[in-house]
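Enquirer: Let me give you the structure first, and then I'll get to my questions.
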Amino acid sequence: TITMAAIDEEGYIHVGTSTNGLRHTISGRVGDASIPGSAAYADNEVGAAMTTGDGDILMRFLPSLLAVEAMRAGKTPAEAVELVIQRIRKHQTFFDVAIIAVNRLGTYAVGCYGTGMAKNNGEFGYMVSSPGQPVRTEWVPC
Amino acid sequence: APLLPMVINTWNFPEANEEAWRLLNLEKGGVGQTRSAVVGGISICEKLQCDMAVGYGGNPDERGDTSLDALLMDGGTMEVGAVGDLRRIKSAIKVAQHVLEHTLHTLLVGDGADHFGIAMRFQNESLNSDESMAIWQNWTAHNCQPNFWRNVYPDPRTSCGPYKPLTTWDANATLSERIEIGPDNHD
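Residue numbers (this note's numbering), protein chains in the order written: chain A, 26 to 167; chain B, 60 to 246.
Dropping the structure here:
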């Protein structure tokens with residue numbers, strides 16, 4: 026899956042997702058990438074959030090909506106990301122998720138839970154572009 | 060330094076981010092610039108089959124077919140266009156964009172999503188590849204392990220289907236192991 030957000034200078038936001046899902050799923054299965062509020066959500070008044078992981082678990086919690094609503098309630102992106110992970114942890118012992126929360130001003134935080142999301146030395150990689158800095162890969166430990 | 064504009068995406072897919080960033084700056088101040096950036100960036104990943112986790116030819120289902128899910132959301136209008144279980148069109152994000160821009164619906168799935176995309180003049184073509192067929196054949200050769208079934212017979216932990224539901228079971232004992240999530244196998 027790729028999930029992406031673009032924000033312009035005025036704070037206008039679009040988010041998008043695309044995936045071929047998990048291997049060997051039962052035919053007819055739809056993952057979380059299609060579900061608003063699950064793999065992605067955006068509200069110009071607040072910011073946006075995106076997730077990736079095991080969609081059958083994630084879509085039950087609408088984690089991107091949760092993160093955006095947490096920021097609307099005053100939490101920082103880092104606090105919003107942590108809140109989402111803890112919410113799922115209350116109910117799921119084993120799961121994999123990486124979540125990006127970004128507020129309407131461009132401040133962002135990334136959280137990762139589960140070994141499946143790690144691609145490089147136990148870390149999850151994501152891409153960022155912003156003024157004055159080249160397109161770059163950043164990593165967060167899982 | 061100013062933080063905006065910005066493009067951010069999950070996984071280290073540089074080509075997608077670079078294309079979105081190029082479009083965002085190319086159309087600076089233009090109407091819908093963030094939309095074209097997201098659609099353009101994700102389209103690159105669909106074409107490149109990023110990590111075989113995006114686009115055609117990856118992660119076949121238990122029948123051996125690849126299907127695609129995609130979504131586009133406008134944070135200003137809160138409009139959403141999405142498709143699920145798309146099986147005959149490679150550009151899922153652009154079909155999702157057409158759902159957003161040319162219908163009053165939010166999510167189209169399955170055959171209906173394919174029919175919609177074809178009506179919107181997207182090419183009707185198989186999403187399977189030699190690689191996805193090889194993955195599927197290897198899976199069937201290994202007794203269809205792992206899979207997503209539980210509380211059915213024959214035992215899904217040792218046998219392929221077709222399965223039928225068990226009428227009684229021990230809920231604690233029959234939880235099958237989940238497929239391992241990884242960089243090339245995730246939603």
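All C-beta atoms, glycine included, are put in the ideal place defined by N, C-alpha and C.
#1: Roughly how many angstroms lie between the CA atoms of residue 241(B) and residue 141(A), to the nearest whole one?
#2: Excluding the five sequence neighbours on either side, which residues of its own chain have a C-beta within less than 7 Å of the C-beta of residue 218(B), listed in chain order?
#3: Are the Cβ atoms of residue 214(A) and residue 64(B) separated by less than 9 Å?
#4: Ordered along the chain, which non-local residues of its own chain (more than five positions away) have a Cβ less than 6 Å from that of residue 80(B)?
#5: Under 8 Å from any heavy atom of the ligand PLP, does the C-beta of residue 133(A) make it?
#6: Can you give the Cα-Cα distance for residue 102(B) and residue 52(A), rounded to whole angstroms?
#7: Kindly provide the ranges of any beta strand (DSSP E) runs that are 3 or more residues long and lie completely inside the stretch 157-217 of chain B, ordered along the chain.
#8: Would you say residue 131(B) and residue 140(B) are within 9 Å of each other, going by their C-beta atoms?
#9: Run through chain A and tell me which residues come within less than 8 Å of residue 165(B), C-beta to C-beta.
#10: Using a beta-carbon distance below 9 Å, is residue 213(B) in contact with chain A?
#11: Contact check, residue 109(B) vs residue 60(B) under 8 Å by CB: the rounded distance?
#12: Less than 6 Å between C-beta atoms, sequence neighbours within five positions excluded: which residues of the same chain meet that for residue 114(B)?
#13: Here's a check: name, in chain order, each residue in its chain whose Cβ is nearer than 6 Å to the Cβ of residue 233(B), leaving out the five neighbours to either side.
#14: State yes or no: is the beta carbon of residue 157(B) nearer than 9 Å to at least one beta carbon in chain A?
#15: Assign residue 168(A) to one of two classes, buried (16 or more other C-beta atoms within 10 Å of its C-beta) or exposed (fewer than that).
#16: Count the other CB atoms within 10 Å of the CB of residue 178(B); is the residue buried (16 or more) or exposed (fewer)?
#17: Checking contacts by CB at 9 Å: is residue 100(A) closer than that to chain B?
#18: Along chain A, which residues have their Cβ under 9 Å away from the Cβ of residue 173(B)?
Expert: By the coordinates alone:
#1: The sequence position of residue 241(B) within the second sequence is 182, counting from 1. The sequence position of residue 141(A) within the first sequence is 116, counting from 1. One alpha carbon belongs to residue 241(B), the other to residue 141(A), and they sit about 4 Å apart.
#2: In the second sequence, the residue the question calls residue 218(B) occupies position 159. Counting only Cβ-Cβ distances below 7 Å, and skipping sequence neighbours, we find 202.
#3: Outside the displayed span of chain A (26 to 167) sits residue 214(A), for which this structure offers no information.
#4: Residue numbering aside, residue 80(B) sits at position 21 when the second sequence is read from its first letter. Closer than 6 Å at Cβ, skipping near neighbours: 66.
#5: The model on display carries no ligand, and the ligand PLP is accordingly not part of it.
#6: The residue given as residue 102(B) occupies position 43 in the second sequence. The residue given as residue 52(A) occupies position 27 in the first sequence. Computed Cα separation, rounded: 24 Å.
#7: 166-168
#8: Position 72 of the second sequence holds residue 131(B). Position 81 of the second sequence holds residue 140(B). For residue 131(B) and residue 140(B), yes; Cβs fall inside 9 Å.
#9: The residue given as residue 165(B) occupies position 106 in the second sequence. Going along chain A in sequence order, the residues near residue 165(B) (Cβ under 8 Å) are 61.
#10: What you label residue 213(B) is simply residue 154 of the second sequence in a count that begins at 1. Chain A, which has no Cβ nearer than 9 Å to the Cβ of residue 213(B), makes this no.
#11: Position 50 of the second sequence holds residue 109(B). Position 1 of the second sequence holds residue 60(B). With a Cβ gap of about 28 Å, residue 109(B) and residue 60(B) do not count as contacting.
#12: Stepping through the second sequence from its first residue, residue 114(B) is reached at position 55. If we look at residue 114(B) and ignore the five residues flanking it on each side, its Cβ neighbours are 105 and 108.
#13: Here residue 233(B) corresponds to residue number 174 of the second sequence, with the count starting at 1. For residue 233(B), the predicted structure reports a pLDDT of 49, less than 50, and the residue's modelled location is therefore unreliable. The matter cannot be settled from this model.
#14: Translated into the one-based positions of the second sequence, residue 157(B) becomes position 98. Chain A, which has no Cβ nearer than 9 Å to the Cβ of residue 157(B), makes this no.
#15: Because chain A here runs from 26 to 167, residue 168(A) falls outside it and cannot be looked at.
#16: For this step, residue 178(B) is matched to residue 119 along the second sequence. The residue in question, residue 178(B), is exposed, as its Cβ has fewer than 16 Cβ neighbours within 10 Å.
#17: Position 75 of the first sequence holds residue 100(A). No, residue 100(A) lies away from the interface with chain B (no Cβ there is under 9 Å from its Cβ).
#18: Stepping through the second sequence from its first residue, residue 173(B) is reached at position 114. Neighbours of residue 173(B) on chain A: none; closest Cβ ~13 Å, over 9 Å.
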